[in-house]
Amino acid sequence: MGADPDNFRLRQHLSKEKSHYAVDTWDLEYKFPFGYKELLGIANRSDFDLQQHIKHSKKDLSIFDEESKSKVVPHVVAEPSLGLGRAFLVFMFDAYDDDKDRGNVVLHLNPRLAPFKAAVLPLVNKEKIPDVARKIFTSLNNLFPVIYDKSGSIGRRYARNDELGTPYCITVDFESIDNHDVTIRDRDSTEQKRIKIDELEETIRKLVIGKITFKDLK
1206 MGADPDNFRL
1216 RQHLSKEKSH
1226 YAVDTWDLEY
1236 KFPFGYKELL
1246 GIANRSDFDL
1256 QQHIKHSKKD
1266 LSIFDEESKS
1276 KVVPHVVAEP
1286 SLGLGRAFLV
1296 FMFDAYDDDK
1306 DRGNVVLHLN
1316 PRLAPFKAAV
1326 LPLVNKEKIP
1336 DVARKIFTSL
1346 NNLFPVIYDK
1356 SGSIGRRYAR
1366 NDELGTPYCI
1376 TVDFESIDNH
1386 DVTIRDRDST
1396 EQKRIKIDEL
1406 EETIRKLVIG
1416 KITFKDLK
């Protein structure tokens, strides 16, 4: 989903770190700018939980193991604990890029995680361009969240959507009126291609779910 595997590590807890119920614990840690911090904890609780139930309920919760021909108390081998807030922070840190060449921040979020999947940009607010842009916006917005961005220069709008993490910008220009096509810009590479309006919905959908890449577009 976009996080760099090199920023993760597995670390086993020292004896003094383990909880009273755990015989072994491992953490999946992420290398934040402020150091490695736990993202996911996995604890081997052994038979602690059922032993406590047995102790207080006075019930026999053991099972008969056919292989060893003996009664055993089942173990809880893995208890995972994951914080959603920390996971969100991982994706934000990995996506953040203060791009000096562009002169603006770029949020390289996986399209599936991006809050907006595309932005529709009318080149100018005159003639038939806004009408075409609005139709495209309405069509795409029925499938997934899309921005309609009409203010400022086209370069400023590109930069604004880079900072939002919007993976694709769709520019409606004068050629769109006669040729029924638009320019689609890729956030990460800044590469641009022309695509027919009637192919736009399916193309954006495939790009967002990862079925095709921007390089696959002709």
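Each residue of the sequence shown is one higher than the one before, starting from 1206 at the first, in our numbering.
Each residue gets a CB set at the ideal place from its N, CA and C atoms; glycine is no exception.
Residue i versus residue j: straight-line alpha-carbon distance, rounded
i: Arg1399; j: Leu1294; result: 35 angstroms
i: Lys1401; j: Leu1369; result: 26 angstroms
i: Leu1233; j: Ala1283; result: 13 angstroms
i: Thr1418; j: Arg1216; result: 35 angstroms
i: Val1387; j: Tyr1363; result: 15 angstroms
i: Val1329; j: Gly1308; result: 24 angstroms
i: Lys1331; j: Leu1244; result: 51 angstroms
i: Gln1397; j: Thr1408; result: 14 angstroms
i: Asp1367; j: Asp1403; result: 25 angstroms
i: Gln1256; j: Asp1302; result: 51 angstroms
C-beta atoms of residue i and residue j nearer than 8 angstroms
i: Val1413; j: Pro1316; result: yes
i: Phe1298; j: Phe1237; result: yes
i: Tyr1353; j: Val1325; result: yes
i: His1280; j: Ser1251; result: yes
i: Lys1322; j: Pro1285; result: no
i: His1313; j: Gly1207; result: yes
i: Asn1278; j: Leu1266; result: First, the amino acid is wrong: residue 1278 is Val here, not Asn. Contact: yes.
i: Leu1348; j: Arg1410; result: yes
i: Ile1334; j: Asp1383; result: no
Exposure of residue i, with buried meaning 16 or more beta-carbon neighbours within 10 Å
i: Arg1392; result: buried
i: Leu1289; result: exposed
i: Pro1435; result: Examination of residue 1435 is not possible in this model, given that the chain is present from 1206 through 1423 alone.
i: Val1228; result: exposed
i: Leu1219; result: exposed
i: Ser1381; result: buried
Nearest to residue i (by Cα), restricted to the options the options
i: Thr1343; options: Asp1304, Glu1272, Leu1405, Asp1421; result: Leu1405
i: Lys1355; options: His1218, Arg1365, Gln1256, Asp1383; result: Arg1365
i: Asn1249; options: Thr1408, Pro1335, Trp1231; result: Trp1231
i: Pro1327; options: Gly1360, Ile1247, Thr1395; result: Gly1360
i: Asp1254; options: Glu1272, His1225, Tyr1241, Asp1306; result: His1225
i: Tyr1241; options: His1258, Ala1338, Arg1214; result: Arg1214
For residue i, three-class secondary structure by DSSP
i: Asn1212; result: helix
i: Asp1383; result: helix
i: Thr1418; result: coil
i: Ala1319; result: coil
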